[in-house]
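Input: a single structure, listed below in structure tokens.
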Amino acid sequence: MKAELVEQASKIISEPQMLINVVSRRVAQLNNGRAPLVPTTPHMGNANIALTEIVEGKLVYHAESDSLEEGNQ
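Under this note's numbering, the first residue of the sequence shown carries the number 275, and numbering increases by one thereafter.
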């Protein structure tokens, strides 16, 4: 994972454990065949894809319902 992406994403999801859970859940979705919501490069890992989605507002976490939602598209 790129430290810069973690830092940027932590400004959006400030609770570290919640950020870890959101990234982990999204990585699992990507591993199971879900399409990335952002442009990717061949060497980009799923954790970096998930972090980029958060930073770009493409992935939104709702704590009340404990769910992930696709954001601005």
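For each residue, glycine too, the CB sits at the ideal point set by N, CA and C.
| Check | Outcome |
| --- | --- |
| Three-state class that DSSP yields for V334 in the structure shown | strand |
| Those runs of the beta strand (DSSP E) which lie wholly inside the region 294-332 and span at least 3 residues | none |
| Beta-carbon gap between V301 and L333 smaller than 9 angstroms | no |
| Host alpha helix (DSSP H) of I286 (start-end) | 277-286 |
| Own chain residues within Cβ distance below 8 angstroms of S284, not counting five before or after | P290, L293 |
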